[in-house]
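What follows is one structure encoded as structure tokens, with my remarks underneath.
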Amino acid sequence: MYPSSMVVGGGISGLTTALEAAEVGYEVFLVEKQASLGGRVSQLKHYFPKLCPPTCGLEINYRRLRDNKKIKVYTLSEVEEVSGEPGDYTVQIKTEPRYVNEDCGACGECASLCTTEIPNEFNFGMDRHKAAYLPHNMAFPLRYVMDKALTAEEREMLKKACPHNAVDFDMEETHFEIKVGAIVWATGWKPYDASRIDNLGFGRYQNIVTNMMLERLAAPNGPTKGEILRPSDNKPPESIAFAQCAGSRDENHLPYCSYICCMASLKHATYLRAQYPEAKIYIYYIDLRTPGRKYENFYAKLKADENIFFIKGKVAEVSEEEGTGNINLVAEDTISGEKMRNTVDMLVLATGMQPTAAQEPLNVQLDFDDQGFISNDFSKGGMFAAGCANKPADVVTSNQNATGMALKAIQTLVRR
Ligand SMILES: Cc1cc2nc3c(=O)[nH]c(=O)nc-3n(C[C@H](O)[C@H](O)[C@H](O)COP(=O)(O)OP(=O)(O)OC[C@H]3O[C@@H](n4cnc5c(N)ncnc54)[C@H](O)[C@@H]3O)c2cc1C
35 MYPSSMVVGG GISGLTTALE AAEVGYEVFL VEKQASLGGR VSQLKHYFPK LCPPTCGLEI
95 NYRRLRDNKK IKVYTLSEVE EVSGEPGDYT VQIKTEPRYV NEDCGACGEC ASLCTTEIPN
155 EFNFGMDRHK AAYLPHNMAF PLRYVMDKAL TAEEREMLKK ACPHNAVDFD MEETHFEIKV
215 GAIVWATGWK PYDASRIDNL GFGRYQNIVT NMMLERLAAP NGPTKGEILR PSDNKPPESI
275 AFAQCAGSRD ENHLPYCSYI CCMASLKHAT YLRAQYPEAK IYIYYIDLRT PGRKYENFYA
335 KLKADENIFF IKGKVAEVSE EEGTGNINLV AEDTISGEKM RNTVDMLVLA TGMQPTAAQE
395 PLNVQLDFDD QGFISNDFSK GGMFAAGCAN KPADVVTSNQ NATGMALKAI QTLVRR
């Protein structure tokens, strides 16, 4: 019988579950497969409705984490296997080597000397970074990572150069076991793969990006240092269209609404307006979903902008204008069926959220719905899903759900 729990996934939901359980006195093991906690929220420039940078929410959680001895964090780690029952689970964990130990002072000397570069996954491959790197400027733990792409000579040079003696290429993959009474899965979401939506041209035309790419283009620590420039020629865009429900509410892709895409595009309009006071912004939608008073107020403010055009129509076809890189689009009016045409500098696809577990199956007995979201069966107890592992949601809803799942985990421990 084990009075501790495990949280798998260190995004905003996993952090919340772990902190809520630890702050009432329960030991928590937090397992994150990336080199840093923070999840998708750390990739956003701002988050609605307040439009604060992710630093505000994440930093508060990191401080709570630092102050709490009850939480043990394992980054670069994944669950390999779970056996047992509520109150008594044995979890096998695998940890990848970081090749940098806890003495790292995050001074950046290794990155400045390193010459090997790798695609920057945090920026969706829109730029490259050094193979000795900090995951991002809000990384927790604030420790560099050495990528396996480093050559033998570079490894030797970086090891010698580190002023903190923190570089250690003798580190190896480790496997170990933890016993816990309850497990909360907070494995989150991935952006739907836009290249699968044939008619929307992603991957064929450079000036078509996804909503998450736009977050990175707008972020000060992104590939363009926060300037939203169109990818083909770095030109400041004068006209930008958003295609809502790109692949969403569509039986061929994601049959559900991801809840946040309308709000995300409205937020993106604020990023654009702040940089380009004259830009024309076109939002093509089936129906705009801005639930609740705060979100409706957010929408109302943008409706007052005379250069933001809300068009009830689904983008059906795109092509590239010869010589300019501009995007021609054809949208179908959802009521009359009539075709509407437009040509813009850039098109943003508002793609939805797909559960991570649908793309990277978990080796564990859980109930999944037909889209790969983990269903909560409270009668079984013991293992629960929090945040976007359970359903598409915004941060507020994810946090409420994650707090509830901390309580469910504690109830399992108390009832044992
Ligand atoms: C374009 C866009 C803009 C958005 N903007 C906003 C906004 O402004 N405001 C707002 O409220 N919401 C916004 N959202 C929604 C927001 O991103 C989510 O609500 C939030 O990310 C949910 O957090 P989460 O922790 O559930 O999932 P995630 O953020 O996905 O975190 C999951 C974590 O689990 C880790 N993980 C995954 N699998 C494993 C595994 N097997 N083992 C260990 N770890 C694992 C991941 O690496 C990650 O760190 C936006 C979404 C999109 C698409």
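Under my numbering, the residue at position 111 of the sequence shown is numbered 145, and the numbers go up by one with no gaps. Backbone N, C-alpha and C define an ideal beta-carbon position, used for all residues, glycine too.
Check                                                                                                                                                       : Outcome
Do residue 214 and residue 96 have their C-beta atoms closer together than 8 Å?                                                                             : no
Out of 313, 354, 280, state which residue places its alpha-carbon closest to the alpha-carbon of residue 321.                                               : 280
What would DSSP say about residue 373, mapped onto helix, strand or coil?                                                                                   : strand
If you run the structure through DSSP and keep just helix, strand and coil, what is residue 208?                                                            : strand
If I'm right that residue 387 touches residue 223 with Cβ under 8 Å, what's the distance once you round it to whole angstroms?                              : 4 Å
May I ask you to check if the CB of residue 397 is nearer than 7 Å to at least one heavy atom of ligand 1?                                                  : no
Report yes if the C-beta of residue 225 is less than 7 Å from at least one heavy atom of ligand 1; otherwise report no.                                     : yes
Would you call residue 331 buried or exposed, if buried means 16 or more other Cβ atoms sit within 10 Å of its Cβ?                                          : exposed
For residue 127 versus residue 65, is the C-beta spacing smaller than 8 Å?                                                                                  : yes
Quick check on residue 393: buried or exposed, where buried means 16 or more other Cβ atoms within 10 Å of its Cβ?                                          : exposed
What is the rounded straight-line gap between the Cα of residue 408 and the Cα of residue 414?                                                              : 14 Å
Keeping to the same chain, check which residues put their C-beta closer than 7 Å to that of residue 278; ignore five residues upstream and five downstream. : 295, 296, 299, 317, 318, 319, 320, 384
Quick one: using the 10 Å Cβ neighbour count with 16 as the cut-off for buried, is residue 286 buried or exposed?                                           : exposed
In the segment 397-422, which residue ranges form an unbroken alpha helix (DSSP H) of at least 4 residues, counting only runs that do not cross its ends?   : none
Taking C-beta to C-beta, are residue 46 and residue 432 nearer than 8 Å?                                                                                    : yes
Using beta-carbon positions only, say whether residue 390 and residue 244 come within less than 8 Å of one another.                                         : no
What are the partner residues of residue 128, as DSSP defines its beta bridges?                                                                             : 112, 209
Quick one: residues in its chain with C-beta nearer than 8 Å to the C-beta of residue 68, no 5 flanking neighbours on either side, listed in chain order?   : 44, 109, 110, 169
Judging by CA-CA distance, which residue of 59, 99, 311 is the nearest neighbour of residue 71?                                                             : 99
Pull up the distance between the alpha-carbon of residue 173 and that of residue 360, whole angstroms please.                                               : 37 Å
Does the segment 201-213 come close enough to the segment 250-261 to have 3 or more Cβ pairs within less than 8 Å?                                          : no
Looking only at C-alpha atoms, which of 152, 129, 139 sits nearest to residue 210?                                                                          : 129
Between residue 245 and ligand 1, is the CB less than 7 Å from at least one heavy atom?                                                                     : yes
Return the CA-CA distance between residue 329 and residue 122, expressed in angstroms with no decimal places.                                               : 43 Å
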